[in-house]
Amino acid sequence: MPKPGWEDLSAFFSPDEFATTAVITRGAEEVAEVLGIFDDPNEVASLGDYNMDHPTPRFTCPAAAVVDVRYKDTATIDGTAYDVMQEPELDGTGLATLILAEPNVTYDAGV
2 MPKPGWEDLS AFFSPDEFAT TAVITRGAEE VAEVLGIFDD PNEVASLGDY NMDHPTPRFT
62 CPAAAVVDVR YKDTATIDGT AYDVMQEPEL DGTGLATLIL AEPNVTYDAG V
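Here it is in structure tokens:
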């Protein structure tokens with residue numbers, strides 16, 4: 002029996018539409034290259050009279066594309082590296098969300 006048409010997520014995650022690429026690495030090894038939707042925490046989505054924001058960067062993508070992604074991997078999106086803060090969150094519909102954080106950086110204050 003063929004899959005229903007809505008199960009094909011490739012049109013939704015097209016780079017010509019909304020998607021961007023995340024390169025997931027573990028140490029020096031590339032784990033995955035995934036198309037998905039990156040949510041910038043500095044942007045606030047307005048839903049009518051309701052404003053929704055979240056405190057961390059998020060990357061939503063097909064669950065099958067991130068089966069090998071683990072906590073402490075690195076996701077590089079648009080040239081910026083982010084730490085993967087936990088295992089992918091699966092929503093049961095074939096999508097997953099990676100919770101990300103900008104890595105802690107120690108600055109030399111020159112003191």
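Using our numbering, count along the sequence shown one by one with no gaps and you end on 112.
Glycine included, each C-beta is placed from N, C-alpha and C at the ideal position.
message = Which of the three DSSP states is assigned to Ala-76 in this structure?
response = strand
request  = Assuming Val-70 contacts Pro-89 (C-beta within less than 8 Å), just tell me the rounded distance between them.
outcome  = Sure, about 6 Å apart at Cβ, within 8 Å.
query = So what does Ala-97 bridge to, in DSSP terms?
reply = Cys-62 and Leu-91
query = In terms of DSSP beta bridges, what is Gly-37 paired with?
reply = Thr-21
query = What whole-angstrom Cβ distance do Ala-82 and Ala-23 have, given they're in contact under 8 Å?
reply = Wrong, their Cβ atoms sit about 10 Å apart, outside the cutoff.
task = State the CB to CB distance for the pair Ile-38 and Ala-20, rounded to an integer number of angstroms; the pair is presumed to be in contact (CB under 8 Å).
result = 6 Å
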